[in-house]
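Going by our numbering, the sequence shown opens with residue 38, and the numbers climb by one from there. Below is one structure; the comments refer to it alone.
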Amino acid sequence: MDALYHGPVINGSGKCLHFRAPGHKRQALRRAAAAFAALALGTLVSPAPCAAGPDPGREIHLTAFGDSLTAGFGLRADQAFPACLERLLRAKGFAVSVDNAGVSGDTTAGGLERLDWSIPGTPDGVILELGANDGLRGLPTDMIEANLEAIIDRLAARGAPVMLVGMKAIMNMGPDYGREFAALFSRLAQKHGMVFYPFFLEGVADAPGLNQSDGLHPNAAGTEEVARRVLPSVLEFLRRIAARRGA
């Protein structure tokens, strides 16, 4: 599988590529504040054809933790990836909520820094989608991997299983960087035995009509397509969550 995708041509250092959306940041802060107030919150890659059926027990709470691709940059809240995924799951009879803990412009370092206040409780599972902005800036892959592993380890210590979503570097980062970047996600997935979806924008990146004018962020139709493609892996993730519960 190609480790690069074309993407827009980025000039210079590329330090503002997934443009930060203040509205999403404020929403994340409000969510964290409300939660604290309530307290005084490859390789396992392929979708499983026999995923769990609807759980008759309590609702499953998932959190999508990521950057602008999760937050829904340029979209309404109900058009963002977590909302699209939740609708697809409920249409299949699953009692599942998917919280949006995405912050536009975030890097793996930023995600690690905000982890405890963005996800202050212990959800039933976390869909981890971070690293795109690191890759667009050409940050060292060993640093990206270390940050992601720290997030995974901290969630595991709380008892929250993680599904990892990978990303690819854009073409002008060069083939060597692209291979190293793609490999770090699959390596982490294998090491931790996680359900893994290798490329969040599979079938959507560079697809005419599925992206916003910046060439980086999916539009509403593109985000729906992302959710449809990720769904089989999420069903496998739910099967594992149900197995952990003893269902």
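Note that CB positions come from ideal geometry on N, CA and C, so glycine has one too. Bear in mind that the values here come from a model prediction, so they are computed numbers and not experimental data.
Residue i versus residue j: straight-line alpha-carbon distance, rounded
i: P269; j: G103; result: 19 Å
i: E239; j: G203; result: 10 Å
i: F274; j: N248; result: 27 Å
i: M180; j: L225; result: 13 Å
i: R276; j: F233; result: 14 Å
i: P212; j: G158; result: 40 Å
i: E261; j: A244; result: 13 Å
i: F73; j: L152; result: For F73, the predicted model reports a pLDDT of 31, less than 50, meaning its position is unreliable and no value from the coordinates is stated.
i: D136; j: F222; result: 23 Å
i: D115; j: V263; result: 14 Å
i: R282; j: Q227; result: 23 Å
i: V163; j: V267; result: 14 Å
i: E217; j: M210; result: 11 Å
Residue burial classification, residue i (beta-carbon count within 10 angstroms, cutoff 16)
i: S250; result: exposed
i: R265; result: exposed
i: D161; result: buried
i: P235; result: buried
i: V46; result: Here the model assigns V46 a pLDDT of 45, short of 50, so the residue's position is not dependable, and the following value carries that caveat. Looking at its Cβ environment, which holds fewer than 16 other Cβ atoms inside 10 Å, V46 is exposed.
i: A120; result: buried
i: G246; result: exposed
Whole-angstrom C-beta distance between residue j and residue i, which should lie under 8 Å
i: L126; j: L165; result: Not quite, the Cβ-Cβ distance comes to about 18 Å (not below 8 Å), so this is no contact.
i: V241; j: G259; result: 5 Å
i: P198; j: I278; result: 6 Å
i: L112; j: A257; result: 6 Å
i: S105; j: E123; result: Not quite, the Cβ-Cβ distance comes to about 19 Å (not below 8 Å), so this is no contact.
i: E96; j: A132; result: 4 Å
Contacting residues, own chain, Cβ-Cβ under 7 Å from residue i (five flanking each side not counted)
i: K129; result: none
i: Y214; result: G175 and A206
Close-in-space but distant-in-sequence residues of the same chain around residue i (CB under 6 Å, 5 per side omitted)
i: T107; result: A101, F118, G139 and E166
i: T144; result: N170 and D171
i: L149; result: N184, A187 and I188
i: G168; result: T145, I181 and M204
According to DSSP, residues forming a beta bridge with residue i
i: I164; result: A101 and M200
i: Y234; result: V202
i: G139; result: G103
i: N248; result: P255
i: S223; result: Beta-bridge pairing links S223 to no other residue.
i: V133; result: I97
Neighbour flag for residue i against chain B, beta carbons, 7 Å
i: L221; result: Among the chains of the structure shown, chain B does not appear; only one protein chain is present.
Cβ-heavy atom distance, residue i to the ligand FMN, below 6 Å
i: K228; result: In the structure shown, the ligand FMN is absent, as is every other ligand, since no ligand is present at all.
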